[in-house]
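Engineer:
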Amino acid sequence: MTVDLTHKLLSVENLTVSAGSDQLVHGISFEIFRGERVGLIGESGSGKSLTCLSIIGLLDGGLSAEGRIMFHHIPQEPVSPEAETHAHNLLSADENKLSGIRGNRLSMVFQEPMTALNPLMKVGDQLSEVIRLHRPKTKDLKAEVVQLLSSVQIPNPVHTATVYPHQMSGGQRQRIMLAMAMANGPDLLLADEPTTALDVTVQKRVLNLMAEQVESAGSSLLFITHDLGVVSEVCDRVIIMRHGRIVESGPMERVFTAPEHPYTRSLLAASSLETHPGTQRLVTLESASADEAGTQESFEPTSAPPPRTATERHQPRVEHLTMTSGGEAPVFNRVDDPVISVRDLTRTYGKPRLFGRNNPVQALRGVSFDVALGQRFGIVGESGCGKSTLLRLLTALDEPTTGSIEVSGSSIVGRPERQLRWLRESMQLVFQDPMGSLDPRMNVTEIIAEPMHRASRAERRFRVDELLEQVGLPAGSAEKYPHEFSGGQRQRIAIARALVTRPKILIADEAVSALDVSVRAQVLNLLDDLVDEYQLTLVFVSHDLNVVRHTCDVVAVMNGGRVIECGPADAVMESPHHPYTAELVAAIPRLREGAS
Amino acid sequence: MRKQDAGSVTAAPRTTARRSRRRGGTPLVIAGGALVSLVLVMAIVSLVWTPQDPTATDAVNRLAGPSPSNWLGTDGLGRDIASMVLAGSRVPLMVGLGTVAVGFTIGIPVGIFAAMTDRGAGMWVMRGNDILQAFPALLLAIVLAAVFGPSTLTAVIALGLGLAPGVARVVRSGTLQVLSREYSLAARAAGRGPLYLAVRHVLPNIRGILIVQASVGFAIAILAEAALSFLGLGTPPPAASWGRMLQDGQSVLQIAPLTVLWPGMAVAIAVLGFNLLGDGLRDRFDPRMEVTR
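The structure is reproduced here in structure tokens:
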């Protein structure tokens, strides 16, 4: 079905959402036509999710929405002039009316497929409940459920109907959510960050499936996300929100190729990790708007960044794993004088138990690689590939089952804690979650100075002030507590803590994955500068290939507890040898051709 | 068991709405706090002043009703009930304080140790803990009183030993949560030892749990002290005690029911106050409760 621009399906008129006296969404208006797929894009705090929740009438108790959200009926006769009378205002509709519409004409897919399904109910029962609720007369529920499951490409639908949600993978659960949402052929599907929690390869499949389903049911789609790449896979039209206002909207092609608003431009630049032509630094929100104000130059997106200079000293080849299983894995990225040297590392979780099943999990199955001094070594892989396990072993927070790890020539395996003091000083970590990695009960000074064991008070103060300046936090931050900072600022604090002992090696575990795109660019720039300034060897772990490509010289791709390919980041990304790497690269959501 | 779910590791406040809710007291906290303050004020006042001497007997004026000189009447020995109720508030508070102190001194280190060495030694510690938890504290108090003679100290030690296993269990689960946070990993990666982790990260982050445990422990201790005194195994005479007043009044219950009404009410107010306070604080400190409210 093509977009029918004569029939409005949903019109949001002057919607404001407020929490007490705080206005969070400031009078936005937009329309969705029948069969149209609209992307609502914004960073955290832009009000995109509040808009979505107002439409489906699920706003939190403390929030109130004003304005009108008109949900138009399907006109009985194609040319009905009084279409306006066939509309409900969803904001003033009572709960009875809303429940008749929800799940039937209006349905929603949530971000977190783990919590959105009832863990105590079989998948098939949950699906049939949705059908029964709105179509009580449905005869053959079981057949309908199986048909639905197979429509979302669940293998073996008859069996799947009888399992519980926890027995399925994240991607499968999100498919079930999609099947539930599409069960009654809704007129409008709301999807709030439906693929954010999924791995890229799974994300790709779920996105395709969603686009297909919406297409074949003739539904409209409102797709809410922070990820421009994802939007470009599924939507026709985009609406960009910031601070509770719509800054730009229009057909996707136009907005992505010729964005009018500076914010849209910088968002696009930050999403594609665009660099400044001269400095090679990432374009951030500030720098983009500074360009805007200063030179009045039209925004010229750069083509592919020139090759990095840091790789000149050591030019590794692309190596990849050819064997399918068994045998000895090759040593990747072998160098003469490695800082980190990992050989035949395995880690198996789960020991034979007295009771219950003995179900050992092989998290790592023979990993060998070197990291050279000053190298920026990236590790990419999807969830469960063993990268987190590898990190814990590298930092001696866990012991390998077999294999050896040497840092600067000395083994760190099987050493008691007091023999690892040198390691603790020369190797530091930055974590993914800027919320969980800072103790909420400590102030910034205490947090940053934590690794300084035997330093005096004055020394600590001095070093903390120095670092706050280096990571670009205001000097008054020292006495504050983590909750007073934004996500990006918290990540800066975490970086400051990691650098306080002037380590030789910095290990970053998904350090920018939880950040908004514009903040991500700033933090990556900062990391770039500091790695140069402190002459660090960087081990950078991420699921995001683009970020790794930008940050790292050498990248190792992991899958199923093994390194399957390793080589210069650009080479691996441009001409992957291993089929899995190729799949991974192909799955990255990209802004469409022609878009910057 | 209700004690088990009393609180969780406090997460940093995320939204402004939530922060303001945390600062303002909930009705439960206000009501509980008021009752607890009342008992505290009674105890403090009784230190410097009581209407009459709570131990002075008056054979002529026995079982008298309320009068200007004896506000709440007199008991079977002619002692002033108002003065006894006031003076009797000191012992339960001291027993509560002592019990919580003993329970925490034993329970917190055991809980943290068990969490930090979760395999092996920690596991066996917790199994031993389970056995102790199954042993009734009141029974332990009776045994101790029989062996060492009834005194406030034996009651405190027995009740504290009874409280410790519960504290240890709750502390262990809170510690496990803190240890799984990335800031604990970061501290370990920075070469910080277990003692530092326990003092700087674990204790501050489980303090919500501890406050709740303390307030629940107080309520249990007050009730248990009253029961022990009633059985003659608590604070020995002549010190005034609500539990013994109840026992003294038991024989004259038919003639002068008021003699047991007042100490009974005092016990009820104190226990209710600490329980309400504990419940209210648990709601404030437990992030899971936020969702349902």
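Chains as they are written, first to last, in the working numbering: chain H, 248 to 843; chain G, 48 to 340.
We treat Cβ as the ideally placed atom computed from N, Cα and C, and that holds for glycine.
1) Rounded C-beta distance between Ile159 of chain G and Ala233 of chain G? I'm assuming under 8 Å.
2) Please list the residues of the stretch 240 to 251 of chain G that have a C-beta atom closer than 8 Å to any C-beta atom in chain H, keeping them in chain order.
3) Using a Cβ cut-off of 9 Å, pull out every chain G residue sitting near Phe678 of chain H, in sequence order please.
4) Consider the C-beta atom of Ser789 of chain H and the heavy atoms of the ligand PLP; say whether any pair is separated by less than 6 Å.
5) Anyone know if the C-beta pair for Val711 of chain H and Ala702 of chain H falls short of 7 Å?
6) For a contact defined as C-beta to C-beta under 9 Å, what are the partners of Ala237 of chain G on chain H?
7) To which residues of the same chain is Arg837 of chain H closer than 6 Å at the C-beta, ignoring the five residues directly before and after it?
8) Along the chain, which unbroken stretches of the alpha helix (DSSP H) at least 4 residues long are found entirely within the stretch 89 to 116 of chain G?
9) Whose C-alpha, out of G:Gln297, G:Pro241, G:Met131 and G:Trp118, is nearest the C-alpha of Thr164 of chain G?
10) Tell me whether the stretch 302 to 311 of chain G and the stretch 99 to 119 of chain G touch, counting them as touching only if at least three CB pairs, one residue from each stretch, are closer than 8 Å.
11) Please state the DSSP three-state secondary structure of Arg49 of chain G.
12) For Val318 of chain G, I'd like the list of residues in its chain whose CB is within less than 7 Å of its CB, leaving aside the five on either flank, ordered along the chain.
13) Can you list the residues of chain G that Thr642 of chain H reaches, using a CB-CB cut of under 7 Å?
14) So the candidates are G:Val314, G:Asn252, G:Val225 and G:Pro98; which of them puts its Cα closest to the Cα of Trp289 of chain G?
15) Which stretch, first to last residue, makes up the beta strand (DSSP E) that contains Met699 of chain H?
16) Report yes if the C-beta distance between Ala426 of chain H and Leu395 of chain H is below 7 Å; otherwise report no.
17) Thinking Leu388 of chain H and Arg379 of chain H are a contact (beta carbons under 8 Å), I'd like their distance in whole angstroms, please.
18) Where in the stretch 260 to 341 of chain H do unbroken runs of the alpha helix (DSSP H), each at least 4 residues long, occur, reported from the N-terminal end onward?
19) To the nearest angstrom, report how far apart Thr152 of chain G and Arg254 of chain G are at their CA atoms.
20) Which residues mark the beginning and the end of the alpha helix (DSSP H) in which Gly281 of chain G is found?
21) Taking just the CA atoms, how far does Gln622 of chain H sit from Arg555 of chain H?
22) Okay, do the stretch 272 to 279 of chain H and the stretch 254 to 263 of chain H touch, 3+ Cβ pairs below 8 Å being the bar?
23) Mind checking who Pro480 of chain H pairs with in its DSSP beta bridge?
24) One question on the structure: do Val410 of chain H and Leu436 of chain H come within less than 7 Å of each other, judged by their Cβ atoms?
25) Run down chain G in chain order and give the residues with a C-beta less than 8 Å from the C-beta of Arg668 of chain H.
26) Does the Cβ of Ile91 of chain G have 16 or more other Cβ atoms within 10 Å, making it buried, or fewer, making it exposed?
27) Can you find the residues in the same chain that come closer than 7 Å, C-beta to C-beta, to Pro412 of chain H, ignoring five residues on each side of it along the sequence?
28) Note down, in chain order, each residue of its chain lying with its Cβ closer than 6 Å to the Cβ of Leu783 of chain H, except the 5 sequence neighbours on either side.
29) Answer yes or no: does any C-beta atom of chain G fall closer than 7 Å to that of Ser733 of chain H?
30) Please work out which residues of its chain come closer than 7 Å, Cβ to Cβ, to Leu762 of chain H, disregarding the five sequence neighbours upstream and downstream, and give them in chain order.
31) Since I believe Ile302 of chain H is in contact with His473 of chain H (beta carbons under 8 Å), could you give me their beta-carbon distance rounded to a whole number of angstroms?
32) Is Val157 of chain G helix, strand or coil when you go by DSSP?
33) Would you mind telling me which residues of chain G sit closer than 9 Å to Ser684 of chain H, beta carbon to beta carbon, in chain order?
34) Could you give the first and the last residue of the continuous beta strand (DSSP E) run that contains Pro498 of chain H?
35) Assign Asn252 of chain G to buried or exposed, taking buried as 16 or more other Cβ atoms, counted over all protein chains shown, within 10 Å of its Cβ.
36) Along chain G, in chain order, which residues have C-beta atoms closer than 7 Å to that of Arg688 of chain H?
Structural biologist: With the structure as the only source:
1) Counting from one through the second sequence, the residue named residue 159 of chain G turns up at place 112. Counting from one through the second sequence, the residue named residue 233 of chain G turns up at place 186. About 19 Å; that fails the 8 Å criterion.
2) Gly240, Arg247, His248 and Pro251
3) As a first step, residue 678 of chain H is located in the first sequence; it is residue number 431 there, counting from the start. Here the neighbours are Glu229, Tyr230, Leu232 and Ala233.
4) Looking at this structure, you won't find the ligand PLP or any other ligand, since it has none at all.
5) If you number the first sequence from 1, residue 711 of chain H lands on position 464. If you number the first sequence from 1, residue 702 of chain H lands on position 455. Cβ atoms of Val711 of chain H and Ala702 of chain H: not closer than 7 Å.
6) Mapped onto the second sequence, residue 237 of chain G falls at position 190. Ordered by position in chain H, the residues that pass the 9 Å Cβ test against Ala237 of chain G are Arg671, Glu672, Gln675, Leu676, Glu697, Pro698, Met699, His700, Arg744, Ala745, Val747 and Thr748.
7) The residue labelled residue 837 of chain H in the question sits at position 590 within the first sequence. Only Gly476 meet the Cβ criterion.
8) none
9) Position 117 of the second sequence, counted from the first residue, corresponds to residue 164 of chain G. The residue with the shortest Cα to Cα distance from Thr164 of chain G is G:Pro241.
10) yes
11) Taking the second sequence and counting its residues from 1, the one referred to as residue 49 of chain G is at position 2. Model confidence at Arg49 of chain G stands at a pLDDT of 39, short of 50, so the residue's coordinates are unreliable; what they give is reported in the following sentence. Correct three-state label for Arg49 of chain G: helix.
12) Translated into positions along the second sequence, residue 318 of chain G becomes position 271. Only Ala266, Ile269 and Leu270 meet the Cβ criterion.
13) Counting from one through the first sequence, the residue named residue 642 of chain H turns up at place 395. Residues of chain G passing the Cβ test: Ala236.
14) Stepping through the second sequence from its first residue, residue 289 of chain G is reached at position 242. Measuring from the Cα of Trp289 of chain G, the nearest candidate turns out to be G:Val314.
15) As a first step, residue 699 of chain H must be located in the first sequence, where it is residue number 452. Here Met699 of chain H belongs to no beta strand (DSSP E), and DSSP marks it neither H nor E.
16) The residue given as residue 426 of chain H occupies position 179 in the first sequence. The residue given as residue 395 of chain H occupies position 148 in the first sequence. Cβ atoms of Ala426 of chain H and Leu395 of chain H: closer than 7 Å.
17) Within the first sequence, residue 388 of chain H is the residue found at index 141, counting from 1. Within the first sequence, residue 379 of chain H is the residue found at index 132, counting from 1. So it is a contact: roughly 7 Å between Cβ atoms.
18) 295 to 303
19) Taking the second sequence and counting its residues from 1, the one referred to as residue 152 of chain G is at position 105. Taking the second sequence and counting its residues from 1, the one referred to as residue 254 of chain G is at position 207. When rounded, the distance between both Cα atoms is 14 Å.
20) For the purposes of this step, residue 281 of chain G is taken as residue 234 along the second sequence, with counting starting at 1. Gly281 of chain G -> no alpha helix (DSSP H), and no H or E assigned at all.
21) For the purposes of this step, residue 555 of chain H is taken as the residue at position 308 of the first sequence. For the purposes of this step, residue 622 of chain H is taken as the residue at position 375 of the first sequence. Below a pLDDT of 50, predicted positions are generally treated as unreliable, and Arg555 of chain H, at 44, falls in that range; no measurement from the model is reported.
22) yes
23) Start at 1 with the first residue of the first sequence, and residue 480 of chain H comes out as number 233. The amino acid occupying residue 480 of chain H in the given sequence is Glu; Pro does not appear at that position. Answer by DSSP bridge pairing: none, since Glu480 of chain H is not bridged.
24) Numbered from its first residue, the first sequence carries residue 410 of chain H at position 163. Numbered from its first residue, the first sequence carries residue 436 of chain H at position 189. Not closer than 7 Å, so no.
25) Working through the first sequence from its first residue, we reach residue 668 of chain H at position 421. Residues of chain G passing the Cβ test: Gly238.
26) Start at 1 with the first residue of the second sequence, and residue 91 of chain G comes out as number 44. Exposed, because fewer than 16 other Cβ atoms sit within 10 Å of the Cβ of Ile91 of chain G.
27) Mapped onto the first sequence, residue 412 of chain H falls at position 165. Correct list, in chain order: Leu364, Pro366, Val370 and Arg420.
28) Locating residue 783 of chain H in the first sequence gives position 536, counting from the first residue. Hits under 6 Å: Leu753.
29) On the first sequence, residue 733 of chain H is found 486 positions in, with the first residue counted as 1. Not one chain G Cβ lies under 7 Å of Ser733 of chain H.
30) If you number the first sequence from 1, residue 762 of chain H lands on position 515. Gly734, Gly735, Gln738 and Val770.
31) Position 226 of the first sequence, counted from the first residue, corresponds to residue 473 of chain H. Position 55 of the first sequence, counted from the first residue, corresponds to residue 302 of chain H. That pair is no contact at about 18 Å.
32) Taking the first residue of the second sequence as 1, we reach residue 157 of chain G at position 110. If DSSP states are grouped into helix, strand and coil, Val157 of chain G belongs with the helices.
33) Indexing the first sequence from 1 puts residue 684 of chain H at position 437. In chain order: Arg228, Glu229, Tyr230, Leu232 and Ala233.
34) To locate residue 498 of chain H, count along the first sequence from 1; it is residue 251. Unbroken beta strand (DSSP E) run through Pro498 of chain H: Arg492 to Pro498.
35) Locating residue 252 of chain G in the second sequence gives position 205, counting from the first residue. Per the 10 Å Cβ criterion, buried.
36) What you label residue 688 of chain H is simply residue 441 of the first sequence in a count that begins at 1. Near Arg688 of chain H (Cβ distances below 7 Å), the residues of chain G are Pro251 and Asn252.
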